[in-house]
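Single-structure report; data block below.
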Amino acid sequence: MANETNPKTLQQAIIYFSNPENCRNYLAARRWPKGVICPTCGRDDVSFLEKQNKWQCKSAHKQRQFSVKVGTIFEDSPLGLDKWLPAVWMIVNNKNGKSSYEMAKDLGVTQKTAWFMEHRIRLAMQSGSFEKKLSGRVEVDETYIGGKARNMHFSKRKHLGARDTGKVAVMGLLERHGEVRTMVVAGTKRRMLHDQVSQHVEQGSTVYSEALRSYNQLDQEFIHHVINHAETYVQGHVHTNGIENFWSLLKRSIKGTYISVEPFHLFRYLDEQSFRFNGRKGNDSERFQKAMEQVTGKRLTFKEVTGKLPDDDKLSC
Ligand SMILES: [Zn+2]
2 MANETNPKTL
12 QQAIIYFSNP
22 ENCRNYLAAR
32 RWPKGVICPT
42 CGRDDVSFLE
52 KQNKWQCKSA
62 HKQRQFSVKV
72 GTIFEDSPLG
82 LDKWLPAVWM
92 IVNNKNGKSS
102 YEMAKDLGVT
112 QKTAWFMEHR
122 IRLAMQSGSF
132 EKKLSGRVEV
142 DETYIGGKAR
152 NMHFSKRKHL
162 GARDTGKVAV
172 MGLLERHGEV
182 RTMVVAGTKR
192 RMLHDQVSQH
202 VEQGSTVYSE
212 ALRSYNQLDQ
222 EFIHHVINHA
232 ETYVQGHVHT
242 NGIENFWSLL
252 KRSIKGTYIS
262 VEPFHLFRYL
272 DEQSFRFNGR
282 KGNDSERFQK
292 AMEQVTGKRL
302 TFKEVTGKLP
312 DDDKLSC
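Put into structure tokens, the structure is as follows:
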């Protein structure tokens with residue numbers, strides 16, 4: 002799009018996206034860089050219907066008319082992009098995330114709606130296929146998150162099963178000065194951790210880890226350095242300060258902003274924090290653009306996101 006504007010601040014984003022045409026053009030330019038095509042059949046000679054704010058395909062098939070939201074995380078939402086796009090802006094740029102309570106207040110929607118919006122946005126923040134392995138110097142570490150259920154109000158706790166009350170093991174791999182990857186793991190058994198390192202790190206790379214027993218034998222595939230915490234100083238490059246810094250950002254966001262995160266949803270908060278961390282060298286506008294490039298081809302229904310919650314939790318978002 003020739004006359005496209007990229008907002009630089011939240012204030013500019015709110016003003017710019019208060020115009021539906023700007024929202025439509027901004028999103029359309031990202032999902033259809035070569036021009037609008039029908040999401041159902043791929044025809045590129047579609048016509049625009051001004052009144053409906055939709056396009057129409059010339060072929061006779063279902064969903065002939067489609068809006069810019071079809072096939073994105075925004076599909077089926079009655080909320081306008083004038084609310085959605087500032088919501089994306091806030092999550093991708095607030096260092097500690099944004100609680101659904103705050104989001105609800107800022108956008109004038111219910112907290113449940115804001116909660117569901119945030120989960121859809123986290124889906125857009127999820128990394129792609131991890132096709133490229135980490136290399137060079139890689140820090141490996143694991144941590145435990147959660148265990149807050151005991152302090153929860155009974156009305157909340159009764160929705161949780163026994164599996165939801167404990168802490169969850171999370172593994173992290175950080176390429177020095179590069180990307181972080183995090184995953185929920187079923188435990189910290191050697192084989193499990195090894196598999197993750199092999200899957201995500203190029204053979205022959207230098208791997209730094211703590212002296213946890215589960216990490217011995219890594220030296221068969223990697224140059225493995227173990228941190229000795231008995232030493233009071235950091236020995237040159239041999240440390241895991243980078244990934245430990247990431248854990249403290251993650252925990253600040255989970256404890257400070259989200260308060261309690263159900264283990265079932267934890268991976269989405271990992272995606273959120275990893276996205277911001279991996280975009281740390283960019284500015285707010287660049288992080289927003291990156292997220293907006295990832296909203297297409299992804300859907301998250303309320304049923305999927307709530308898992309086992311009862312049907313009475315229906316909402317209109
Ligand atoms: Zn079509």
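Numbering-wise, this note's numbering comes out as the position in the sequence shown, counting from 1, plus 1.
C-beta atoms are modelled at their ideal positions from N, C-alpha and C, and glycine is treated no differently.
Contact between the region 256–273 and the region 88–105 is present, with at least three C-beta pairs closer than 8 Å. Between Pro264 and Arg281, the alpha-carbon positions lie close to 26 Å from each other.
Relative to ligand 1, the nearest heavy atom lies less than 6 Å away from the CB of Thr41.
In the three-state reduction of the DSSP assignment, Ile228 falls in the coil class.
Cβ-Cβ separation between Ser254 and Asn97: approximately 4 Å, consistent with a contact (criterion under 8 Å).
Judged by DSSP in its simplified three-state form, Phe49 adopts strand. Ser48 has its Cβ no nearer than 6 Å to any heavy atom of ligand 1. The C-alpha of Lys190 is placed about 47 Å away from the C-alpha of Tyr27. For Val306, the closest alpha carbon among the candidates Phe223, Arg182, Leu267 and Leu50 is that of Leu267. Just so you know, the alpha carbons of Val141 and Thr241 end up roughly 7 Å apart. Leu250 carries a helical assignment under DSSP once its states are collapsed to helix, strand and coil. Using a C-beta cut-off of 8 Å, the region 111–124 makes contact with the region 74–82, since at least three inter-stretch Cβ pairs fall below that distance.
Less than 7 Å separates the beta-carbon of Lys99 from that of Ile92. Per the Cβ contact rule, the region 166–174 is in contact with the region 190–203 (3 or more Cβ pairs under 8 Å). In the displayed model, Trp116 falls within a helix according to three-state DSSP. Taken through DSSP and simplified to helix, strand or coil, Leu175 comes out as strand.
The residue among Ser249, Lys252, Thr144 and Leu250 with its C-alpha nearest the C-alpha of Ser210 is Thr144. Straight across, the Cα-Cα distance linking Asn217 with Ala187 is about 19 Å. Per DSSP, reduced to three states, the secondary structure at Asp142 is strand.
Collapsing the DSSP output to three states places Trp33 in coil. Beta-bridge analysis with DSSP links Ser128 to no other residue. Sequence-distant Cβ neighbours of Tyr270 in its own chain, meaning closer than 8 Å and more than five residues away, are Gly98, Arg123, Leu251, Ser254, Ile255, Tyr259 and Val262.
Non-local C-beta neighbours of Lys9 in its own chain, meaning closer than 6 Å and more than five positions away in sequence, comprise Ser286, ordered along the chain. Counting every other CB atom within 10 Å of its CB across the protein chains shown gives Glu51 a total below 16, marking it as exposed. Ser286: member of the alpha helix (DSSP H) spanning Asp285 to Met293, first to last residue. When secondary structure is reduced to three states using DSSP, Ser136 falls in the coil class, being assigned neither helix nor strand.
Relative to the Cα of Gln290, the nearest Cα in the group Leu86, Gln66 and Val37 belongs to Leu86.
Taken from the Cβ of Ser286, every heavy atom of ligand 1 lies 6 Å or farther away.
Under DSSP, Gly147 takes part in a beta bridge, and its partners are Lys168.
Where Tyr270 is concerned, the enclosing alpha helix (DSSP H) starts and stops at Leu267 to Asn279. Taking C-alpha positions only, Cys39 is separated from His230 by approximately 58 Å. Residue state for Phe223 is assigned as coil, using DSSP reduced to three classes.
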